[in-house]
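Asks: For the sequence shown, the working numbering assigns the number 1 to the initial residue and increments by one for each residue that follows.
Positions of the beta carbon are idealized from the N, C-alpha and C atoms, including for glycine.
Because the structure is a prediction, the values reported are computed rather than measured.
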Amino acid sequence: MYERLEMAPPDAILGLTEAFKKDSNPDKINLGVGVYKDAQGETPVLESVKQAEARIISATKTKGYLPIPGSAEFGAVTRELLFGKDHVLTTSGRAITAHTPGGTGALRVASDFVKRCFSDATIWMSAPTWANHPAVFGAAGLKTAEYPYYDGATQSIVFDGMLEGLGKAARGDLVLLHACCHNPSGKDLSLEQWRQTAALIKERGLLPLVDFAYQGFGDGLEDDAAGLRIVCDTVDELLICSSYSKNFGLYRDRCGALTLVGASADAAACAFSHVEKAIRANYSNPPAHGGAIVTTIVRDESLRAQWEREVAEMRDRINGMRQLFVDTLREVGVTRDFSFITQQRGMFSFSGLTREQVAELRSKYAIYIVGSGRINVAGMTEGNMKALCSAIAEVL
Ligand SMILES: Cc1ncc(COP(=O)(O)O)c(C=O)c1O
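1. DSSP on residue 2, reduced to helix/strand/coil?
2. Less than 8 angstroms between the CB atoms is what I'm expecting for residue 174 and residue 114, so what's the real figure, rounded?
3. Between residue 359 and the rest of its own chain, which residues show a CB-CB distance below 7 angstroms, the 5 nearest in sequence each way excluded?
4. Buried or exposed for residue 245, going by 16 or more other Cβ atoms inside 10 Å?
5. Put residue 348 into one of helix, strand or coil per three-state DSSP.
6. Output the residue ranges of the alpha helix (DSSP H) runs that lie fully inside the region 2-37 and measure 4 residues or longer, sorted by chain position.
7. Who pairs with residue 197 in a beta bridge, going by DSSP?
8. Helix, strand or coil: which one does DSSP assign to residue 241?
9. Could you work out which residue in 216, 159 and 129 is closest to residue 192 when comparing CA atoms only?
10. Any chance the region 323-336 sits against the region 234-243, with 3 or more Cβ pairs inside 8 angstroms?
11. Three or more beta-carbon pairs under 8 angstroms between the region 205-224 and the region 178-190, yes or no?
12. Which residues in the same chain as residue 390 place their Cβ atom closer than 6 angstroms to its Cβ, once the five residues preceding and following it in sequence are excluded?
13. Taking the alpha-carbon positions, what's the residue 290 to residue 100 distance?
14. Tell me where the beta strand (DSSP E) around residue 125 begins and ends.
15. Report yes if the CB atom of residue 247 is closer than 9 angstroms to the CB atom of residue 214, and no otherwise.
16. Any heavy atom of ligand 1 within a distance shorter than 8 angstroms of the CB on residue 150?
17. What does the alpha-carbon distance come out to for the pair residue 51 and residue 303?
18. Quick one: does the C-beta of residue 194 sit closer than 8 angstroms to a heavy atom of ligand 1?
19. With DSSP as the reference, label residue 101 as helix, strand or coil.
20. Buried or exposed: which applies to residue 138, given that a residue is buried once 16 or more other Cβ atoms fall within 10 Å of its Cβ?
21. Is it a yes or a no for the region 70-78 touching the region 93-111, going by three-plus beta-carbon pairs under 8 angstroms?
22. Please list, in chain order, all residues of the same chain as residue 150 whose beta carbon is under 8 angstroms from its beta carbon, the five residues on each side excluded.
23. Is it the case that the Cβ atoms of residue 345 and residue 218 are separated by a distance below 9 angstroms?
24. Would you report the Cα separation of residue 278 and residue 306, rounded to the nearest angstrom?
25. Mapping the DSSP letters down to three states, classify residue 160 as helix, strand or coil.
26. Between which two residues does the beta strand (DSSP E) harbouring residue 211 extend?
27. Using the rule of at least 16 other Cβ atoms within 10 Å of the residue's Cβ for burial, across every protein chain shown, is residue 375 buried or exposed?
28. What are the uninterrupted segments assigned as beta strand (DSSP E) that are 3 or more residues long and contained completely in the region 63-117, given in chain order?
29. Which partner residues of residue 376 appear in the DSSP bridge assignment?
30. Straight-line CA distance for residue 121 to residue 171?
31. Please return the same chain residues whose Cβ sits closer than 6 angstroms to the Cβ of residue 146, not counting the five positions on each side in sequence.
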């Protein structure tokens, strides 16, 4: 049977990493996949994580299964990070959390839940959005549609177009929102725009699905949750997909969470029973290790303080690279205005480079960028900046 199959195309982003690994050029630069890199170009294990792991390994007495939604304490920690320690949603039972394999796992479980309970709903995604969003929703059998979000020509959010686009959604449809560090544009809604979006969602009876993959990478752990908290204060029901891949550096431990918010604790418990059915038929119950790390760190005062310092360090490095990139481009003689890059947040920016320029950067200079021109700023270092900007100057 397999002889009849044609090769599936490589993943647009992960495929780029494979090509990068095979490239023998010693000066190669990878600005493709969304992984944090430090000043040495490495993706480090955080010090707080190493210490938590040492404690976990000596204390672990069993490898027995976790419950379907994972550990209750991990759920409580997740809600504390999302809503704040004393928020009503952290304590009232109106929000229930499942530990999932990564943020992708959370998105898939959310999609299966929606398909199971509201099979006719369409999910509205920003144009553009993370390339895996339509793939995950589509794999679960959901209908997808787009609302305008970002205009590459003006490097800005098209907010009127966004509201108009969302105005076409039918009651009961879902709206995907990036909590912060919008992937791929790096442009986030202002607080006023969050308020207007939340009001429209409420008025039209839509269900928000907030994807929160970069908490702490924008302006800070609390600041980055401000938009989400506006949505929570406006509507009674939503879904939140967290990822701990970036802010705890737990990429391969596959640690994320789906938090379901309902109008009452009873309504949330009822809806969550369907989330559990979706999990049971998918991966049954989550892998424990990443969740234990997150729980150990957040619940220990000194580890938490250390982790917060490490997140701030990653954030500051990314923002520092944004500024250095813009300055160095100017220094090597690029006259086009790239200053918008310093206004964006998180690891990604739409550089405005064309597909042809991206292809030339790869073939001539071993610089790897996603075809859309999206660059991972975290792949830049003080060491590779001059070579990178000189190459960009050449292709421009
Ligand atoms: C917007 C967005 N959502 C979700 C994810 C998924 O993260 P994870 O690696 O935890 O599955 C990513 C990862 O790149 C992302 O950029």
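Replies: In short, the structure shows the following:
1. Translated into positions along the sequence shown, residue 2 becomes position 2. In this structure, residue 2 counts as helix in the three-state DSSP scheme.
2. The residue labelled residue 174 in the question sits at position 174 within the sequence shown. The residue labelled residue 114 in the question sits at position 114 within the sequence shown. Indeed they touch by this definition, with Cβ atoms about 6 angstroms apart.
3. Sequence index remark: in the sequence shown, residue 359 carries index 359 (1-based). For residue 359, where only same-chain residues beyond five positions count, there are no Cβ hits under 7 angstroms.
4. As a first step, residue 245 is located in the sequence shown; it is residue number 245 there, counting from the start. Classification of residue 245: buried, given that the 10 Å Cβ count is 16 or more.
5. As a position in the sequence shown, residue 348 is number 348, starting the count at 1. It is a strand residue.
6. 14-22
7. For the purposes of this step, residue 197 is identified with residue 197 of the sequence shown, where counting begins at 1. Bridge partners of residue 197: none, in fact.
8. Working through the sequence shown from its first residue, we reach residue 241 at position 241. Here residue 241 sits in strand by DSSP.
9. On the sequence shown, position 192 is the one that residue 192 refers to. For the residues 216, 159 and 129, the minimum Cα distance to residue 192 belongs to 159.
10. no
11. yes
12. Within the sequence shown, residue 390 is the residue found at index 390, counting from 1. For residue 390, where only same-chain residues beyond five positions count, the Cβ hits under 6 angstroms are 332.
13. If you number the sequence shown from 1, residue 290 lands on position 290. If you number the sequence shown from 1, residue 100 lands on position 100. Roughly 10 angstroms between the two C-alpha positions.
14. To locate residue 125, count along the sequence shown from 1; it is residue 125. Looking at the DSSP string, the run of the beta strand (DSSP E) that includes residue 125 is 122-127.
15. Counting from one through the sequence shown, the residue named residue 247 turns up at place 247. Counting from one through the sequence shown, the residue named residue 214 turns up at place 214. Yes, these two residues count as a Cβ contact at 9 angstroms.
16. Reading the sequence shown from its first residue, position 150 is the one you call residue 150. Outside the cutoff, so no.
17. As a working note, residue 51 is residue 51 in the sequence shown. As a working note, residue 303 is residue 303 in the sequence shown. So the alpha carbons of these two residues sit roughly 8 angstroms apart.
18. Residue mapping note: residue 194 aligns to position 194 of the sequence shown, counting from 1. No, Cβ of residue 194 sits at least 8 angstroms from all heavy atoms of ligand 1.
19. To locate residue 101, count along the sequence shown from 1; it is residue 101. Coil at residue 101, not helix or strand.
20. Taking the first residue of the sequence shown as 1, we reach residue 138 at position 138. The residue is exposed, with fewer than 16 neighbouring Cβ atoms inside 10 Å.
21. yes
22. Reading the sequence shown from its first residue, position 150 is the one you call residue 150. Hits under 8 angstroms: 126, 127, 128, 156, 157, 158, 182, 185, 187 and 350.
23. Counting from one through the sequence shown, the residue named residue 345 turns up at place 345. Counting from one through the sequence shown, the residue named residue 218 turns up at place 218. Cβ atoms of residue 345 and residue 218: closer than 9 angstroms.
24. The residue labelled residue 278 in the question sits at position 278 within the sequence shown. The residue labelled residue 306 in the question sits at position 306 within the sequence shown. Each residue's Cα considered, the two are about 36 angstroms apart.
25. Here residue 160 corresponds to residue number 160 of the sequence shown, with the count starting at 1. Reduced to three states, the DSSP call for residue 160 is helix.
26. The residue you call residue 211 lines up with position 211 of the sequence shown. Taken as a continuous stretch (DSSP letters only), the beta strand (DSSP E) holding residue 211 covers 207-212.
27. Within the sequence shown, residue 375 is the residue found at index 375, counting from 1. Residue 375 is buried by the Cβ-count criterion.
28. 95-100
29. The residue labelled residue 376 in the question sits at position 376 within the sequence shown. Paired residues: 348.
30. Counting from one through the sequence shown, the residue named residue 121 turns up at place 121. Counting from one through the sequence shown, the residue named residue 171 turns up at place 171. Going by the C-alpha atoms only, they are around 9 angstroms apart.
31. As a working note, residue 146 is residue 146 in the sequence shown. Only 125 and 127 meet the Cβ criterion.
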